[in-house]
Structure formats: C-alpha cells, structure tokens
Amino acid sequence: MAKLFALIDCNNFYVSCERLFRPELHGRPVVVLSNNDGCIIARSNEAKALGIAMATPYFKVREELQRRGVTVFSSNYALYGDLSQRVMTTLREMEPRVEVYSIDEAFVSLAGSDTCAGAEQAARIRERIARHVGITVSIGIGPSKTLAKIANRIAKKEACRRGIFVFPAEPDKGDMLLADLDVGEVWGIGRRSRAKLARHGMTTALQLKKADQQWLGKQLTVTGARTALELAGISCINLEQAPPARRSILSSRSFKRPVRSLVELKEAVATYTARAAVKLRGQELTSGALQVFIATSRFAKDQPAHADSRTITLPIATCHTPTLISSALQALATIYRPGLRYQKAGVMLTDLGSRGRRQANLFMRPAPQGPALMSALDQINRRWGRNTLHYGAEGIGKPWSMRRDFKSPAYTTSWQELPVAHCR
DNA sequence: TCTGGGGTCCTAGGACCC
DNA sequence: TCTGGGGTCCTAGGACCC
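Numbering (my numbering), first residue to last: 18 to 441.
See the structure below:
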C-alpha cells in the first residue's frame, strides 16, 4: 500500500492561543517571547510583515515594537499546552493513526487513500479544528514526512491554497518546487549542513535529492542520506504513534539577573530539581543519574566565561525529591566557583527507568515513607497550585527567577483565572 | 541591565575485555 | 629491532528539531 502522510501544523500557534481570549487582537501585530522574555519565538502575520525576525532578542527591538503598536506576551505554556491537547484530541477523533510531533504539529498516516481523498479529508480536519478549538491549521500532504513538511510550508505561504497543499505526484512538477526551495529549509538540514553543502555547490532541495547516497552518508551521516531519499518520495521515517520512552528530563532556566552567590545558586538548583522530579513522577519513572550544570553568559564578552557540569550516579534509581535535591546540591558544590556571574543553571535526570521495576541496592533501602509522601505532595500541588508546598531549599523570594512581564492569565487551567463573560 | 528551554540521534574516541 | 584484532560499552560533542 502506498504511503501517504499529512502534516497538520497550527498557524502561529502561540499567537493564535493568545488571540483566542483577546479577539480584539485579530488583524493586529502580536509577538510571543521565550522564557525569561528573552527572544521572539512566535509572530502573527502582521508582525512578520513588519519585518520582525524569528529569535530576535527582545531587548534589541523593545522600543521599535512599542512604537509600532505591537502587542507583546510572555510565554504561557499552561495555556498553549492545554489548547494543544484540544487540537490533538479533535484530530484523534477523526484519524486513527496520529503522531503528535510537537506542541503544534502532528503527522497523520493517510496510507490507503489517494491524494484526492486525502485532500478532502484534510479540508474536513481543518474545518473541525477551527470550529471546535478556534485554532487555524495548515495541512501538507506527501508520500514521505519530509515532503509533507514541504507541502505544509507551501500551504501556509500561498494564500490561494486555502491552507492545504498536496505535493505533486508528477516528478517534473515536484522537481520544479524542489528547485525553488533553499536546501536549508528542508526538514533535517540545519545551519551547519547547509553551509557544508554550499561549499560543494549545493544550495537547493533538488540538488540534495539528486546527490550521491554514499557521498551524502559521508558528509552528513546516515540522517542526511535518509533526507535525500525522503525528498525523492521514498519514505524512510515512519509514523511513531506511541511516543518512545523518554531518555532524559531537563529543567533549566536563565536567571533574571546574574547570580554570584552559592546560596542563590543552591536555591535555583533545588527548585529545578524539584520541578524535574515532578515531571519524573508524572511519567511513572525513576532516575539513576543526575547532572547539574551552571554557566555564565555567552554574550558578556567583558566577563570571565565559565561553564561546568557534574554528573552523579545515584546509589538507587529514585524519584524521591529530597534524595535528588541533596545529590544535586552535592554536585553543585563541586563545580561552583566564587566570583563569577552565573546566568543559567540546570538539572538533567538521565538513566530513566520505569518505576515498577527498578534495580535494588544491596546496601541501601529506599526511605519507606517516600512514595506516599511524594504522591501526597504532588496531589496537593496539582489541586491547589504548583507552589502550594515546596522545599525550604528552593528559597522563598527567588529574586533570580525568570522574567515574565507580559504573561496572560491561565484562562483554561486555573479556576481563579477563568475569563468572565458579561451579559447585558 | 536585557540573547529560551527541552528534547533526540549520530559519531568518534577511549576504556576495557579476550 | 617488536607494539594484533575484534568486540562492547560509555561519554562527550555535534547537529538537528520545535
């Protein structure tokens, strides 16, 4: 059976989420910032038209945005995550084979449909998500995931496509599209690979498609060779309906302002560890090793730069927050250097295993009250809000915690912040 | 003052074993 | 006056994605 994929991608997703509750912002320029209000990571079409580039540092354009009447939001992941789930649920009601690829994208297998039937189904999906959730999506269809991605770009860019584009089956038509596409726009070809290919005179997707497989394997490893096959319509990347087991859990943040003292660094590391542990338990996992890292700013050229990390293997795989915090603080103490201006810290949990079957340690016994205590803590925080109960080690004032000056309310996930409709 | 966070996969190279 | 070869496992670093 011939393979056929659709890529469903939410348009300007974070901006669309914010606009759902601020309808007066339709037709106006809007941007959403990354954590710590660092960079611009989502733009409305109007903002794109003003020439605001993706990933621009906010502080560099703050005044310009103000002058041009651009509305600015801090990231509100509680809101985006919730709306993402609604989009995916709607999609699953219509399609049996769905791979959720990111917060705003999903692949669907249309194997067995011809492209015509596929396009009709895409129109129904698009209409239903708009009606049920209020989010507009674009849909690209192709014989491989990579071509579905390219089709999606075209669906989004060319208004005449009405949000849906099928990659043409006729080879010459397809090649014309690929000849027009910068190779750096192809899924899987990043900045480095693009530069490398350019050094060999290859700049378009069509050239990549026609490149010699062996040569590609040597230059870009097997992944690059696979991408070329995908461009030729030979599907090499399968639909992953069940998400693969997680291999690591990371919690890290930049600070609002540089941190010098070990005391504050300890608070931050304890906070991130506690947050990672909540994620760990949420997925019924334990961690066998933990890595702590700290770094100064990459951009402060006049300051001494330093970055270091330390990995600790835990005696027993665990999801017990106090155990993890004490290991993390131990690791931190070995890498901290006084006198530096640290900009960022993080904690990564690795060597993850499922909670049910973990290797015991002959010489140690897990704290008997641990699991019950952790689950009580998680329940209380789920019910009453994330910081209802927390560890003393996390600190109280947290003067280092990230900047979020323009955050919208948690409209859909907090009773206190529900929008209120006024009737007259 | 102010430049995100959370992931995965692949490869090279070292350690170690027989 | 010579320093094999094959295999596995682990880690660090590079590259990519959204």
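All residues carry an ideal CB built from backbone N, CA and C; glycine is no exception.
As the structure is a computational prediction, the values presented were derived from the model and not from experiment.
Exposed unless 16 or more other CB atoms sit within 10 angstroms - verdict on residue i
i, result
"Glu137", "exposed"
"Cys133", "exposed"
"Val48", "buried"
"Asn29", "buried"
"Lys162", "buried"
"Arg274", "exposed"
"Val154", "buried"
"Trp204", "buried"
"Met193", "exposed"
"Pro355", "exposed"
"Ala324", "exposed"
Reference residue i, options the options, closest by Cα
i, options, result
"Asp422", "Ala165, Asp54, Gln396 and Ala212", "Asp54"
"Leu214", "Thr153, Gly241, Asp192 and Arg148", "Gly241"
"Ala139", "Ile25, Lys65, Lys227 and Ile171", "Ile25"
"Asn169", "Asp189, Arg143 and Gln300", "Arg143"
"Lys318", "Thr351, Leu82, Glu112 and Arg358", "Arg358"
"Ala312", "Ala259, Val286 and Gln300", "Val286"
"Ala186", "Ile158, Leu223 and Glu301", "Ile158"
"Ile266", "Arg298, Ser278, Gln258 and Leu256", "Arg298"
"Tyr31", "Leu127, Arg148, Asp99 and Leu67", "Asp99"
"Ser517", "Gly363, Ser119, Asn52 and Gln83", "A question about residue 517 goes unanswered here, because the residues of the chain that appear run from 18 up to 441."
"His337", "Tyr353, Gly86 and Ala393", "Ala393"
"Ala59", "Gln224, Ala72, Ile254 and Val239", "Ala72"
"Leu331", "Asp395, Asn398, Ile342 and Ser431", "Ile342"
"Ala222", "Gln236, Gly68, Leu195 and Met365", "Leu195"
"Tyr289", "Lys235, Met419, Asp197 and Ala262", "Met419"
"Ile57", "Pro40, Lys77, Glu41 and Arg45", "Lys77"
"Val276", "Tyr353, Ser130, Ile152 and Asp131", "Tyr353"
For residue j and residue i, the rounded distance between their alpha carbons
i, j, result
"Lys361", "Arg145", "42 Å"
"Pro501", "Val117", "Nothing about residue 501 can be read from this structure; the chain reaches only from 18 to 441."
"Lys226", "Val183", "19 Å"
"Trp417", "Glu284", "9 Å"
"Val125", "Glu175", "22 Å"
"Glu247", "Ala212", "21 Å"
"Leu82", "Val104", "30 Å"
"Gln102", "Arg292", "21 Å"
"Gly191", "Gly250", "10 Å"
"Ala259", "Leu302", "17 Å"
"Ala389", "Ala245", "52 Å"
"Pro339", "Gln230", "52 Å"
Three-way DSSP call (helix, strand, coil) for residue i in this model
i, result
"Ile167", "helix"
"Phe184", "coil"
"Cys56", "strand"
"Ser155", "strand"
"Phe38", "coil"
"Pro160", "coil"
"Ile25", "strand"
"Val286", "helix"
"Met365", "strand"
"Pro426", "coil"
"Ser418", "coil"
### Ordered list of alpha helix (DSSP H) runs contained in the segment 301–361, each at least 4 residues
338–352
Runs of beta strand (DSSP E) wholly within the segment 87–146 (minimum 3 residues, chain order):
88–90, 115–119 and 122–126
Identify every run of the alpha helix (DSSP H) within the segment 208–282, keeping only runs that are complete inside it and at least 4 residues long; order them along the chain. 208–216, 222–227 and 230–248
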